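Novice:
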Amino acid sequence: MITVNFSLPQPTHPHSRRLLAAISGLMMILATPPLPLYFHAWFGLVPYFKALQGAESPREAFSLGFIFALVWHAGTMYWIAWNSGTILIVSILSAIALACLLSLWFAILGVLHYWLLKTFGKWAHFLAIILYMASDVVWQYGDLTFPWISFALSQANKIEIVQLAALGGSALITGWVILLNVILIVGNKRWPAYVIIPAMIAGCWLWGAHREQVVYKQTSDHNLLTVAIVQGNIDPDFKYELGSSYSLNMYDALSSADVPDSVDLMVWPENAAPVYVEQDYRWRRFLQKLVDRIDANLITGGRYADFHEDNTRTPYNAAFNITPGSNQQFEIYQKVYLVPMGERIPFLWLFPFLDDVIDFGQANFKAGESIITWDVPVGPDTVAVTPLICYEAIFPEAGWKAAHLDTDLLINITNDGWFTGTGQQLQHLLLSRMRSVETGRSLVRATNTGISAFVSPSGRIEKTLGSDQRGVIIYTVEAPIDTPFVRGGWRLNFISLWAAGGLILLTAIVDIRKRLRGA
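Per my numbering, residue 19 is the first one in the sequence shown, and the count goes up by one each step.
#1: Would you kindly check if the distance between the Cβ of Met46 and the Cβ of Ser238 is under 8 Å?
#2: Within 10 Å of its beta-carbon, does His131 have 16 or more other beta-carbons around it, so buried, or fewer, so exposed?
#3: Does DSSP classify Thr404 as helix, strand or coil?
#4: Going by beta carbon distance, what residues of the same chain come within less than 7 Å of Asp310, once the five residues before and after it are set aside?
#5: Within a Cβ cutoff of 7 Å, which residues of the same chain sit near Arg533, ignoring the five residues on either side of it in sequence?
#6: Which value, in whole angstroms, describes the spacing of the CA atoms of Val22 and Trp223?
#7: When the Cα atoms are used, what is the spatial distance from Arg488 to Leu316?
#8: Can you tell me where the beta strand (DSSP E) holding Trp392 begins and where it ends?
#9: Should the region 416 to 431 be regarded as contacting the region 388 to 406, the criterion being three or more beta carbon pairs within less than 8 Å?
#10: Taking the Cβ atom as the reference point for each residue, do Gly187 and Trp392 lie within a distance shorter than 8 Å?
#11: Indicate the three-state DSSP secondary structure (helix, strand or coil) for Pro414 in the structure shown.
#12: Asn241 and Glu496 - do their beta-carbons sit closer together than 8 Å?
#13: Quick one: grab the DSSP three-state call for Thr332.
#14: Just to confirm my understanding: we take Asp529, look at its own chain, exclude 5 residues before and 5 after, and list those with CB closer than 6 Å. What are they?
#15: Taking only three categories from DSSP, how would you classify Gly199?
#16: Near Ile479, which residues of its chain fall below 6 Å by C-beta distance, leaving aside the five closest residues on each side in sequence?
#17: Using a 10 Å radius around the Cβ and a threshold of 16 neighbouring Cβ atoms, would you call Asn199 buried or exposed?
#18: Might you give, ordered along the chain, the residues of its own chain that have their beta carbon closer than 7 Å to the beta carbon of Leu120, omitting 5 neighbours on each side?
#19: Cβ of Leu243 within 8 Å of Cβ of Val401?
#20: How would you label Gln71, buried or exposed, when you count the other beta carbons within 10 angstroms and need 16 or more for buried?
#21: If you measure between the beta carbons of Asp276 and Val490, is that distance less than 8 Å?
#22: What does the Cβ neighbour count give for Leu127, buried or exposed, with the cut at 16 atoms within 10 Å?
#23: Measuring straight from C-alpha to C-alpha, what distance separates Ser263 and Ser485?
#24: Restricting to runs no shorter than 4 residues, where is the alpha helix (DSSP H) found entirely within the region 21 to 62?
#25: Quick check on this structure: which residue in Ala49, Ser42, Pro65 has the alpha carbon closest to the alpha carbon of Gln28?
#26: Given that a residue counts as buried once 16 or more other Cβ atoms are within 10 Å of its Cβ, and exposed if not, what is Phe413?
#27: Return the chain-ordered list of same chain residues with a C-beta closer than 8 Å to the C-beta of Ala40, the five sequence neighbours on each side being excluded.
#28: Compare the Cα-Cα distances from Phe169 to each of Ala152, Ser274, Leu162 and report the closest residue.
#29: Applying the 10 Å Cβ sphere with the 16-neighbour rule, what's the burial state of Ala416?
#30: What's the call for His446, buried or exposed, on a 16-neighbour Cβ count within 10 Å?
#31: When you compare each of Thr482, Phe503, Ile499 to Tyr598 by their alpha carbons, which one comes out closest?
#32: Sort out for me which residues DSSP pairs Phe472 with in a bridge.
#33: Measuring CA to CA, which of Ile98, Arg300, His31, Leu122 is closest to Ala113?
#34: Out of Asp279, Ala314, Gly397, Glu296, which has the shortest C-alpha to C-alpha gap to Gln352?
#35: Tell me whether Asp282 is buried or exposed, calling it buried when 16 or more other Cβ atoms sit within 10 Å of its Cβ.
#36: Taking C-beta to C-beta, are Arg36 and Leu82 nearer than 8 Å?
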């Protein structure tokens, strides 16, 4: 048998195994945008998996998973500590809390991975792929929804690999990354592993490049409508000090001066209208006059609340669709996926007293009911658009729900100004563009301080307005296409969850039988 000795020796000391876990964490930092070293993810998990393979107890496996994830998340989610929207100590504590929470989750995954290895042997690394794919899905649901950090993010900057999302979503990209690492560790010293790995990478790359070109050519000649993104670049720390007049007059001036008659739709970012749009007659009339004058629909973020007779109110993070000639009858969308701690307190339904105990300046929004579509008139026809506010665009579920409503276009309005100068802005953009590849819909992304962008159905970023810039960008977006993900690939999310549950149950049964036989 021909051998190729590219393998790591099996670590025999706990300290060596902890070091290997930390090395994998560093590898994943290098692989995660904004750094361009995505290929480190193809082999960067091998040291961690090797450490798990040599772990002597579930407790050690727990610590290895925690160390790996803590290093990784500290180096990629550091920007939470730069949140200028709150006091420094709170932002730092938030970053530490999130890193620890995510690390605890990966510590649990480490124990499950270790359990598989002890029950089925080293080939169980292949079974563990299911766990990591299911992990991506878990973070999309529940009170702690935060599907930001996944192994798929490491590949988000490579449009060729991102094409996998058109088949099975971001979970499939995660599975592909883990599979590369598993083949390396299971194929220890065996030449087939070093044939399969290049073949997998080359095959995925060539197929992805071909698909992107085919989709681009298929859609580039089929125009949908012309959209203008207005980026005001107003520092969120001073927006309310400057007053609503400053913000709205700024956006009015940009829209009036730089938006030509050919535009069908203007998009302003999240909370660009920092007023209660429905209740404030002055500004409602102001917005309607602007839209009537330009003769194009306007989608903007703004304040909205249900006001009650006892002088209390229930606030929402909202978007508005304003149509020319609508006589101030605005359509409203209320954000469904709220940021834990930033926009709502998790588990408030279970522990109502937390509402009185926790006050870090969070918004305490109420969640909307469902993803929706709006009709935007384009000549004699209409185009169906779906608004997504802020980090809603990183949820695969939001994308396929919109596609199943027969939307033609995804509109993402956001404000990343709290994290200017960090990797958050690029990460957010790259995660959002996966929704275009998955659904075959163009994405219009309007931000307050950057990065605003137009993304084609193939995932190609067509036009951007960078960080800390003020201006307008205009683009004629492409018509949608069908994708395998929309037709049924989205079910991979739920299949991976059920498969992970079944795998854990099977492992428990086999483990119990082994113990009984040993007794």
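Idealized CB from N, CA, C, for every residue including glycine. On a predicted model such as this, the values are computed, not experimentally measured, just so you know.
Specialist: Per the coordinate set shown:
#1: Taking the first residue of the sequence shown as position 1, residue 238 is located at position 220. Taking the first residue of the sequence shown as position 1, residue 46 is located at position 28. Not a contact, by the Cβ cut-off of 8 Å.
#2: On the sequence shown, residue 131 is found 113 positions in, with the first residue counted as 1. His131 should be labelled buried.
#3: As a working mapping, residue 404 is identified with position 386 in the sequence shown. Three-state DSSP puts Thr404 in a strand.
#4: Walking along the sequence shown from the start, residue 310 turns up at place 292. Pro342, Gly343, listed in sequence order.
#5: Residue numbering aside, residue 533 sits at position 515 when the sequence shown is read from its first letter. The beta carbon of Arg533 is closer than 7 Å to none in its chain, skipping five residues each way along the sequence.
#6: Reading the sequence shown from its first residue, position 4 is the one you call residue 22. Reading the sequence shown from its first residue, position 205 is the one you call residue 223. Residue confidence for Val22 is low, a pLDDT of 42 falling below 50, so the modelled location carries little weight; the figure read from the coordinates is stated next. Taking the straight line from one Cα to the other gives about 25 Å.
#7: In the sequence shown, residue 488 corresponds to position 470, counting from 1. In the sequence shown, residue 316 corresponds to position 298, counting from 1. A direct Cα-to-Cα measurement between Arg488 and Leu316 gives close to 18 Å.
#8: Walking along the sequence shown from the start, residue 392 turns up at place 374. Here the beta strand (DSSP E) through Trp392 covers 392 to 396.
#9: yes
#10: Working through the sequence shown from its first residue, we reach residue 187 at position 169. Working through the sequence shown from its first residue, we reach residue 392 at position 374. Against a cut-off of 8 Å, the Cβ pair of Trp392 and Gly187 comes out as no contact.
#11: Sequence index remark: in the sequence shown, residue 414 carries index 396 (1-based). The answer is helix: DSSP assigns Pro414 an H, G or I state.
#12: Within the sequence shown, the letter at position 478 stands for residue 496. Within the sequence shown, the letter at position 223 stands for residue 241. Taking 8 Å as the Cβ cut-off, Glu496 and Asn241 qualify as a contacting pair.
#13: Translated into positions along the sequence shown, residue 332 becomes position 314. Of the three classes helix, strand and coil, the one that applies to Thr332 here is strand, per DSSP.
#14: As a first step, residue 529 is located in the sequence shown; it is residue number 511 there, counting from the start. Beyond the five residues adjoining it in sequence on each side, Asp529 comes within less than 6 Å, by CB distance, of Thr137 in the same chain, given in chain order.
#15: For the purposes of this step, residue 199 is taken as the residue at position 181 of the sequence shown. Inspection of the sequence shows that residue 199 is occupied by Asn rather than by Gly. Of the three classes helix, strand and coil, the one that applies to Asn199 here is helix, per DSSP.
#16: Your numbering for residue 479 matches position 461 in the sequence shown. So the qualifying residues of the chain are Ala471, Val473.
#17: Here residue 199 is taken as the residue at index 181 of the sequence shown, counted from 1. Under this definition Asn199 is a buried residue.
#18: Position 102 of the sequence shown, counting from 1, holds the residue named residue 120. Counting only Cβ-Cβ distances below 7 Å, and skipping sequence neighbours, we find Ala87, His91, Ile167.
#19: Position 225 of the sequence shown, counted from the first residue, corresponds to residue 243. Position 383 of the sequence shown, counted from the first residue, corresponds to residue 401. Yes; because the gap between Cβ atoms is below 8 Å, this pair is in contact.
#20: Counted from its first residue, the sequence shown places residue 71 at position 53. Per the 10 Å Cβ criterion, buried.
#21: The residue labelled residue 276 in the question sits at position 258 within the sequence shown. The residue labelled residue 490 in the question sits at position 472 within the sequence shown. Yes, Cβ-Cβ distance for Asp276 and Val490 is below 8 Å.
#22: Translated into positions along the sequence shown, residue 127 becomes position 109. Leu127 should be labelled buried.
#23: One-based indexing of the sequence shown puts residue 263 at position 245. One-based indexing of the sequence shown puts residue 485 at position 467. When rounded, the distance between both Cα atoms is 23 Å.
#24: 32 to 49
#25: Here residue 28 is taken as the residue at index 10 of the sequence shown, counted from 1. Selected option, being the one with the closest Cα: Pro65.
#26: Your numbering for residue 413 matches position 395 in the sequence shown. Answer is buried; the Cβ neighbour count reaches 16.
#27: The residue labelled residue 40 in the question sits at position 22 within the sequence shown. Counting only Cβ-Cβ distances below 8 Å, and skipping sequence neighbours, we find Ile85, Phe86, Val89.
#28: If you number the sequence shown from 1, residue 169 lands on position 151. Nearest C-alpha to Phe169: Ala152.
#29: By one-based count along the sequence shown, residue 416 stands at place 398. That one is buried.
#30: As a position in the sequence shown, residue 446 is number 428, starting the count at 1. Buried, by the Cβ-count rule.
#31: This structure cannot settle anything about residue 598, because the visible part of the chain is limited to 19 through 537.
#32: Working through the sequence shown from its first residue, we reach residue 472 at position 454. DSSP output for Phe472 lists Val462, Lys481 as bridge partner(s).
#33: Residue numbering aside, residue 113 sits at position 95 when the sequence shown is read from its first letter. Nearest C-alpha to Ala113: Ile98.
#34: As a first step, residue 352 is located in the sequence shown; it is residue number 334 there, counting from the start. The residue with the shortest Cα to Cα distance from Gln352 is Glu296.
#35: On the sequence shown, residue 282 is found 264 positions in, with the first residue counted as 1. A residue is called buried when at least 16 other Cβ atoms come within 10 angstroms of its Cβ; Asp282 meets this threshold and is buried.
#36: Here residue 36 is taken as the residue at index 18 of the sequence shown, counted from 1. Here residue 82 is taken as the residue at index 64 of the sequence shown, counted from 1. In this structure, Arg36 places its C-beta atom within 8 Å of the C-beta atom of Leu82.
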